[in-house]
Amino acid sequence: MKLLIVDCDSTLSALEGIDELARLRGPEVFAQVEEATKLAMDGAIPLDSVFGRRLELIKPTRDECAAIGQDYIKHAVVGVQQAMEGARRTGWEILILSGGFVPCIAPLAEWLHITQPIEAVPLNFHADGSYAGFGEDYPTTRNGGKPTIIQELKAKLNPERVVMVGDGVSDLETKMVVNLFVGFGAVIARPKVQEGADRFIHNWAELAPILDDVMTAPAR
Numbered sequence: 003m004k005l006l007i008v009d010c011d012s013t014l015s016a017l018e019g020i021d022e023l024a025r026l027r028g029p030e031v032f033a034q035v036e037e038a039t040k041l042a043m044d045g046a047i048p049l050d051s052v053f054g055r056r057l058e059l060i061k062p063t064r065d066e067c068a069a070i071g072q073d074y075i076k077h078a079v080v081g082v083q084q085a086m087e088g089a090r091r092t093g094w095e096i097l098i099l100s101g102g103f104v105p106c107i108a109p110l111a112e113w114l115h116i117t118q119p120i121e122a123v124p125l126n127f128h129a130d131g132s133y134a135g136f137g138e139d140y141p142t143t144r145n146g147g148k149p150t151i152i153q154e155l156k157a158k159l160n161p162e163r164v165v166m167v168g169d170g171v172s173d174l175e176t177k178m179v180v181n182l183f184v185g186f187g188a189v190i191a192r193p194k195v196q197e198g199a200d201r202f203i204h205n206w207a208e209l210a211p212i213l214d215d216v217m218t219a220p221a222r
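Here the sequence shown is numbered in the working numbering, starting from 3 and rising by one per residue.
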């Protein structure tokens, strides 16, 4: 199999889900969370230093997460449906790997017909739908988590090739465990990612020839 792994926030969708959840709590909380997210995605601060703190500020409910899932779809990046369908037609299995939250991402994954299990952070809810915590041990709550997940996937699935596409420094960290890391800049072009990526694209239409090329390149 050939495995195409894609980030969600600012890659499949133009939104940062955690920021949109924070927006529901008013401008003060939104400003705090947005700044923390930006610093973490730019690599200026460790991800785990802000992960739990952001959620404690927000305490998202089940219904709010479902609503953000629909917002992900409304703000899907131009061309993403065609790119995912094109990759499937040429034999790529697609999987979402994210530091976002499973209940928020699930509607977008279904909309894109991505059937592999979502690799993202679980959220827990009480019976009434109120926030009850998150999967604190899940690898993508910290820097270095995405490479850990990919190594586990490679051991389990034994893919012929692995390509990762994402916009953030946490995505760039996967470069050494995939055949090709593709930086994504349609929503935001982060300088560290642009400099470090094997390839860098500014729209989804650029992906198809890259996927063709990686099959003829030596495996690493």
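Each residue gets a CB set at the ideal place from its N, CA and C atoms; glycine is no exception.
Tyr74, DSSP secondary structure in three states
For the purposes of this step, residue 74 is taken as the residue at position 72 of the sequence shown. Helix.
Would you say the region 83–94 touches the region 205–219, given that touching needs at least three Cβ pairs under 8 angstroms?
Result yes; three or more Cβ-Cβ pairs closer than 8 angstroms.
Can you list, in chain order, the residues of its chain with a C-beta nearer than 8 angstroms to that of Pro223? Leave out the 5 residues immediately preceding and following it.
Absent from the model: residue 223. The displayed extent of the chain is 3 to 222, so no value can be given.
Quick one: using the 10 Å Cβ neighbour count with 16 as the cut-off for buried, is Pro105 buried or exposed?
Position 103 of the sequence shown, counted from the start, is the residue given in the question as residue 105. So Pro105 ends up on the buried side.
Let's test the definition: count the other Cβ atoms within 10 Å of the Cβ of Asp11 and tell me whether it reaches 16, buried, or not, exposed.
Start at 1 with the first residue of the sequence shown, and residue 11 comes out as number 9. It counts as buried.
Tell me whether Ser15 sits in a helix, a strand or coil according to DSSP, three-state version.
The count along the sequence shown starts at 1 and reaches residue 15 at position 13. DSSP places Ser15 in the strand class (E or B) of the three-state scheme.
Got a sec, what are the start and stop residues for the alpha helix (DSSP H) Leu174 sits in?
Mapped onto the sequence shown, residue 174 falls at position 172. Counting along the chain, the unbroken alpha helix (DSSP H) around Leu174 starts and ends at 171–174.
Limits of the unbroken beta strand (DSSP E) element including Lys148:
The count along the sequence shown starts at 1 and reaches residue 148 at position 146. Note, Lys148: premise wrong, no beta strand (DSSP E); alpha helix (DSSP H) at 147–159.
Just to confirm the assignment, what range does the alpha helix (DSSP H) spanning Met43 have?
Against the sequence shown, residue 43 aligns to sequence position 41. In the DSSP annotation of this structure, the continuous segment of the alpha helix (DSSP H) that includes Met43 starts and ends at 29–43.
Burial state of Gly101 (16 or more Cβ within 10 Å)
For the purposes of this step, residue 101 is taken as residue 99 along the sequence shown, with counting starting at 1. Under a 10 Å Cβ-count criterion, Gly101 is classified as buried, with 16 or more other Cβ atoms of the shown protein chains found around its own Cβ.
Pair every Cβ in the region 21–28 with every Cβ in the region 58–72, then say whether three or more of these pairs are closer than 8 angstroms.
The answer is yes - the region 58–72 touches the region 21–28, with three or more Cβ pairs under 8 angstroms.
Note down, in chain order, each residue of its chain lying with its Cβ closer than 7 angstroms to the Cβ of Glu18, except the 5 sequence neighbours on either side.
On the sequence shown, residue 18 is found 16 positions in, with the first residue counted as 1. Cβ-Cβ distances below 7 angstroms link Glu18 to Asp11, Ser12, Thr39 in the same chain, with the five nearest sequence neighbours on each side left out; the list follows chain order.
Per DSSP, what kind of secondary structure is Gly102 in: helix, strand or coil?
Taking the first residue of the sequence shown as position 1, residue 102 is located at position 100. DSSP places Gly102 within a strand segment (E or B) once states are collapsed to three.
Candidates Ala134, Ala89, Val123, of which the one nearest Ile116 by Cα
Your numbering for residue 116 matches position 114 in the sequence shown. The residue with the shortest Cα to Cα distance from Ile116 is Ala89.
Touching or not, the region 159–167 and the region 178–194, by the rule of three or more beta carbon pairs under 8 angstroms?
The count of Cβ pairs closer than 8 angstroms, one atom from the region 159–167 and one from the region 178–194, reaches three, so the stretches are in contact.
In whole angstroms, what is the alpha-carbon distance linking Gly45 and Thr92?
Numbered from 1 along the sequence shown, position 43 holds the residue referred to as residue 45. Numbered from 1 along the sequence shown, position 90 holds the residue referred to as residue 92. Gly45 and Thr92: Cα-Cα distance of roughly 34 angstroms.
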